[in-house]
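173 is the number that the numbering used here gives to position 156 of the sequence shown; each next residue is one higher, with no gaps.
Every residue gets a Cβ at the ideal spot worked out from N, C-alpha and C, and that includes glycine.
First up is the structure itself, then whatever we jot down about it.
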Amino acid sequence: MPAELPLLSLLIWAPILGGIWVLYAGDRQEMTVKYLALGVSLITFLLSTLLYTRFDTSTYEMQFVEFTPWIEAFGINYHLGVDGISVPLIILTTFTTMLVVLAGWEVIENRLSQYMAAFLIMEGLMNGVFAALDAILFYFFWEAMLIPMFLIIGIWGGPRRVYATIKFFLYTFLGSVFMLVAFLYLYSEANSFNILELHELQIGLTAQKLIFIAFLLAFAVKVPMWPVHTWLPDAHVEAPTGGSVILAAILLKMGGYGFLRFSLPIAPDASLAFDDFMIALSLIAIVYIGFVALVQQDMKKLIAYSSISHMGFATLGFFIGYSIYAVTGATGGAVMGLEGGMMQMISHGFISGALFLCVGVMYDRVHSREIKDYGGVVNTMPVFAAFMMLFAMANSGLPGTSGFVGEFLVILSSYQASFWIAFMAATILVLGSAYTLWMYKRVIFGDIANENVAELQDIDSRETLILALLVIAVLLFGLWPAPMFEIMHPTMEHLFEHITQSKVI
């Protein structure tokens, strides 16, 4: 394959153009739409694997760089590139989108071409977020991806879909406005929107704090962190299964990506000043939201709150490094926290996506998400029950699954900073097991509870394939996480070395 192949542009525009093609095919050609959407998503995933096979793990420098002037009068460029932070998230995006397209194969009965096109277009825009090296280009992709998700929830969602959609859009859009203001200020100081140049910009502490707060308002909503998390359960409950999967697996990760790409390197001194505040918010999300999840009766809402709690581990890992560095003076534990937070994001993408797909499998058959409407599912769907058990165990942090790796590293790094921080973070291992396994026990085990459960049929070959691929991912990164760390380590090491150097003028 030629070295000059614009791989990142292909990952962005191939699914977008494929989505337009699917939209043009129309609903009258149902099988054509299905195979075309699956083919586009499969090709995009295969293209993303080239990022891994051709990625140089010995350097932190940006790779696969593309640069073309866009709006020259304002110094805005079509500038793309990836490093050890971007590559895993792009592969996660393409892998998950492929499964979502396959999952909607039989269950979407109206406006199929529009449904498939929305996911393909959103895939390209999400890849653009992770690859953009120009702040305005990043902002363009960041805002544009709201449109297909808005349509997915608003058209194919549940009874309260309009309320959930508007709430989701207003929360995320309002936070993004502050991010844009921060970009404009940084441009006035650096005369450039180049993200790598913004990383080197030296500005006063007060300005850094204001920039950090502006970024926080954008990225905290996306994660989402407590207390700006209330839009997520509503969006998850009302979204169709595919929308919930993408929302949990990819969109939440963009908040964490924003902290790593913008907040920490551009405002490192402000990040240090707000370190304790960010750790406190992360611990509240881990512990408090874990208790909230424990009392949920809707399976989707329970998994949604579980996502907030587990993402608290990611933000804890990103910001605990300052405390470790202050206590030990060493960077090893801090880098471990960054890598643990990143691994937690990737793992959560697989596990939460799998759990939402499992709920979707049952909802397609019973048309209920209420735990009380189930019971004894293992008697009629034993293969499905086995799959869901593994994902429930992974969500509980079982060693050998990907859910354990990130949590263990974050707790281990937290211990180097404070025993009590590590102790509070570790409570999620108990809470996570409690609400996940209690849900599983009430839904899957016991006698057959009602006629709906008695008439259930086990998963078909298509559903088996989807869940089997996720099982492979969960076990692969749980038993052999080394390839992921090889990609991340040089970038994370350089990032922490970069943010420990004061940039106050």
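N- and C-terminal bounds of the beta strand (DSSP E) containing residue i
i: residue 95; result: 93-99
DSSP beta-bridge partners of residue i
i: residue 84; result: 96
i: residue 387; result: 315
i: residue 151; result: 211
Cβ neighbours of residue i in the same chain (closer than 6 Å, five flanking residues each side left out)
i: residue 323; result: 310
i: residue 393; result: 463, 464, 465, 466, 470
i: residue 27; result: 64
i: residue 375; result: 405
i: residue 191; result: none
Cutoff 7 Å; reference residue i; Cβ partners in own chain excluding five residues on either side
i: residue 171; result: 178, 179, 182
i: residue 19; result: Residue placement at residue 19 is flagged as unreliable, the pLDDT there being 43, under the threshold of 50; the coordinate-derived value follows with that caveat. Nothing meets the Cβ criterion.
i: residue 355; result: 334, 335, 338, 509, 512, 513
i: residue 59; result: 115
i: residue 62; result: 111, 112, 115
i: residue 206; result: 218, 220
i: residue 234; result: 192, 195
i: residue 118; result: 54, 55, 58, 133, 136
Limits of the alpha helix (DSSP H) - the one that residue i falls within
i: residue 198; result: 178-207
i: residue 253; result: 248-255
i: residue 103; result: 103-120
i: residue 290; result: 285-290
i: residue 433; result: 419-434
i: residue 469; result: 468-471
i: residue 30; result: 24-42
i: residue 241; result: Taken as a continuous stretch (DSSP letters only), residue 241 belongs to no alpha helix (DSSP H), as it is neither H nor E.
i: residue 274; result: 269-275
i: residue 517; result: Taken as a continuous stretch (DSSP letters only), residue 517 belongs to no alpha helix (DSSP H), as it is neither H nor E.
i: residue 497; result: Neither: residue 497 is in no alpha helix (DSSP H) and is coded neither H nor E.
i: residue 261; result: 258-263
i: residue 402; result: 399-412
i: residue 168; result: 163-173
Own chain, CB closer than 8 Å to residue i, minus 5 neighbours either side, in chain order
i: residue 504; result: 69, 72, 74, 101, 104, 105
i: residue 216; result: 282, 283, 515
i: residue 109; result: 266, 267, 270, 363, 366, 367
i: residue 30; result: 141
i: residue 37; result: 134, 138
Anticipated Cβ contact below 8 Å, residue i with residue j, distance rounded
i: residue 410; j: residue 391; result: That belief does not hold up - the Cβ atoms of residue 410 and residue 391 are roughly 19 Å apart, past 8 Å.
i: residue 132; j: residue 121; result: 6 Å
i: residue 272; j: residue 360; result: About 16 Å separates the two Cβ atoms, so there is no contact after all.
i: residue 280; j: residue 353; result: About 19 Å; that fails the 8 Å criterion.
For this session: At 4 residues or longer, and completely inside the region 49-73: list those alpha helix (DSSP H) runs for me, N to C.
Result: none
For this session: Please specify which runs of the alpha helix (DSSP H), each continuous and at least 4 residues long, are wholly inside the region 293-378, giving them in chain order.
Result: 316-345
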